[in-house]
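Protein chains in written order, with our numbering: chain A, 1 to 295; chain B, 1 to 295. Even glycine gets a Cβ: it sits at the ideal position worked out from N, Cα and C. Please read the structure below before turning to the comments.
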């Protein structure tokens with residue numbers, strides 16, 4: 001783990017991902033200044049050694065480098081441009097790093113506004129879930145100028161195990177959308193295969209075991225396949241979040257005039273999961289949608 | 001590689017999979033006796049050191065252990081029970097090993113008929129494609145009695161790197177169906193994600209690179225993702241075969257009263273590929289179906 005000793009880093013958004021990321025930054029020696037809408041999470045991080053701030057703006061006032069881990073595009077917009085938002089104190093030294101999942105077009109618009117105010121902006125969403133955040137093994141997909149990404153590299157080295165510079169601002173979010181599409185659709189694939197195997201009298205645990213190492217092998221088969229077999233749907237990533245990610249993908253596809261039939265169907269299946277009351281369960285609970293849905 | 005020195009092994013079906021499997025059996029020292037409908041392929045294997053037979057029956061007459069690698073269920077049925085079929089010479093020592101892809105219910109019916117004639121029957125389909133067949137790294141999914149599978153183990157050790165005993169006769173074919181579903185659906189997932197990334201201005205090669213090691217990682221992203229990026233659709237597994245595999249899955253699902261919406265859609269997309277004249281291309285050519293299909 002690289003050392004961030006003496007470096008001030010801002011962190012806005014202390015949810016399932018932000019909290020473990022913040023702990024890793026503290027462990028690496030950073031002077032961490034944090035803000036979150038619900039104050040009890042600020043308290044948890046202050047106890048861990050961070051400095052609490054009264055607003056997003058207060059974070060950006062003290063820290064030149066500000067990481068934002070927001071749950072969606074509108075929350076990010078509010079952090080940047082809402083009341084007591086980051087924009088009010090942006091200066092030449094400011095580097096804003098969006099590590100949440102946001103709309104790619106909105107990313108480009110947000111970046112323009114931050115740059116017009118004198119600051120720098122990169123999008124660097126992640127894959128790997130809470131486990132990856134805790135173990136600092138996140139995959140980071142970055143969009144923006146190379147020199148800005150290099151400036152953030154010591155922080156990325158602390159948070160993840162893999163950094164890919166995809167392209168200009170927004171490209172990180174495009175890669176993240178692609179990532180979420182593959183995750184949702186592969187969960188659907190494994191769900192249909194394991195439900196059918198079970199229904200046709202084969203032990204799904206043995207089927208999953210047999211498929212390892214072959215063409216059907218994937219991280220989803222390994223992790224989410226296991227969750228389906230044990231029917232343990234504690235999240236991890238939630239069905240409701242996965243559904244929202246598929247909507248982001250379909251919105252982006254519509255903008256570029258592309259039909260994504262698999263993604264559209266996958267979104268419908270996640271809507272069924274939410275309607276069944278499973279929106280808060282792990283996204284692998286798509287297994288239940290397939291299993292409970294006789295022809 | 002285990003030695004099969006002095007052991008007589010029969011092999012019926014010398015296609016893209018059967019030929020390299022036969023070479024590995026010869027390299028392990030087996031006395032290999034082969035048959036294929038088109039005689040030029042018998043000639044190729046005779047040149048490599050095998051003994052050619054005049055019919056499927058002639059193979060089963062000489063070899064106690066007979067491997068069949070047929071392209072579909074009806075071809076297998078014909079090899080077993082058609083004119084000059086295996087059934088005519090089945091005896092107590094006969095072990096019939098179906099390593100092709102067949103219908104699970106038909107497998108159970110075929111096994112009963114072979115057993116009624118005194119022989120033994122296991123299904124042991126594989127995953128790993130022609131590369132896996134050549135490198136002897138196939139994943140083998142076996143259905144049948146444990147002692148029959150143990151008897152075939154020296155042969156499986158020569159042909160593959162992984163053997164899982166799924167359950168009774170037919171269970172291997174159920175696992176293979178699950179495998180093919182995941183393969184087809186994951187190809188669809190990667191195709192939609194990479195086409196969208198490209199259309200939205202991100203370099204799909206960089207996106208694929210970024211996704212490695214994360215939740216979206218899979219053998220399909222690795223192998224078929226590469227084929228999509230370079231647009232090299234030499235098969236590998238063909239679109240027409242993948243379509244047939246999805247039909248097998250849907251037929252099995254209908255028998256157990258299960259609706260598989262993703263599999264049904266995937267089959268439709270492969271039908272579009274075939275209608276566009278791409279049935280002979282690699283199954284990763286689903287990329288072309290998505291790319292050529294504006295909203």
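Check the Cβ-Cβ distances between residue i and every residue of chain A, and say whether any is below 8 angstroms.
i              : result
residue 53(B)  : no
residue 36(B)  : no
residue 261(B) : yes
residue 238(B) : no
residue 226(B) : no
residue 106(B) : no
residue 102(B) : no
residue 78(B)  : no
residue 16(B)  : no
residue 83(B)  : no
residue 166(B) : yes
Compare the C-beta of residue i with all C-beta atoms of chain B and state if any pair is closer than 8 angstroms.
i              : result
residue 130(A) : no
residue 220(A) : yes
residue 159(A) : no
residue 215(A) : yes
residue 73(A)  : no
residue 277(A) : no
residue 1(A)   : Unreliable placement is indicated for residue 1(A), whose pLDDT of 46 sits below 50; the coordinate value is still reported in the next sentence. It does not; no Cβ of chain B falls within 8 angstroms.
residue 271(A) : no
residue 162(A) : yes
residue 253(A) : yes
residue 256(A) : yes
residue 127(A) : yes
residue 265(A) : yes
residue 149(A) : no
residue 232(A) : no
residue 177(A) : yes
residue 124(A) : no
At which residues does the beta strand (DSSP E) containing residue i begin and terminate?
i              : result
residue 272(B) : Element bounds for residue 272(B): not the beta strand (DSSP E) but the alpha helix (DSSP H), 261-275.
residue 3(A)   : No beta strand (DSSP E) holds residue 3(A); DSSP gives it neither H nor E.
residue 161(A) : 160-167
residue 138(B) : 138-143
residue 9(A)   : 8-12
residue 98(B)  : 95-98
residue 33(A)  : 31-35
Mapping the DSSP letters down to three states, classify residue i as helix, strand or coil.
i              : result
residue 218(A) : strand
residue 17(B)  : coil
residue 157(A) : helix
residue 126(A) : strand
residue 66(B)  : strand
residue 227(B) : helix
residue 203(B) : coil
residue 51(A)  : strand
residue 281(B) : coil
residue 108(B) : helix
residue 151(B) : helix
residue 23(B)  : helix
By the 10 Å Cβ neighbour count, where 16 or more other Cβ atoms means buried, how is residue i classified, buried or exposed?
i              : result
residue 232(B) : exposed
residue 118(B) : exposed
residue 6(B)   : exposed
residue 74(B)  : exposed
residue 146(B) : exposed
residue 47(B)  : exposed
residue 230(A) : exposed
residue 262(A) : buried
residue 92(A)  : exposed
residue 135(B) : exposed
Just reading off the alpha helix (DSSP H) that residue i is part of, what are its end residues?
i              : result
residue 130(A) : 129-135
residue 241(B) : 239-255
residue 233(B) : Residue 233(B) -> no alpha helix (DSSP H), and no H or E assigned at all.
residue 212(A) : No alpha helix (DSSP H) holds residue 212(A); DSSP gives it neither H nor E.
residue 291(A) : 286-291
residue 84(B)  : It is not in any alpha helix (DSSP H) - residue 84(B) carries neither H nor E in the DSSP assignment.
Could you tell me whether the Cβ of residue i comes closer than 8 angstroms to any Cβ of chain E?
i              : result
residue 174(B) : The displayed structure is made up of protein chains A and B, and chain E is not among them.
Under 9 angstroms, CB to CB, which of the residues in the segment 134-145 of chain A have a partner in chain B? 137, 138, 139, 140, 141, 142, 143
Taking any Cβ of chain B, which residues in the segment 195-206 of chain A have a Cβ under 9 angstroms from it, in chain order? 195, 196, 197, 199, 200, 201, 202, 203, 204, 206
Residues within the segment 182-194 of chain A neighbouring chain B, beta-carbon criterion of under 9 angstroms: 182, 183, 184, 185, 186, 188, 189, 190, 191, 192, 193, 194
Check distances from the C-beta atoms of the segment 19-45 of chain B to those of chain A and list, in chain order, the residues that come in under 7 angstroms. none
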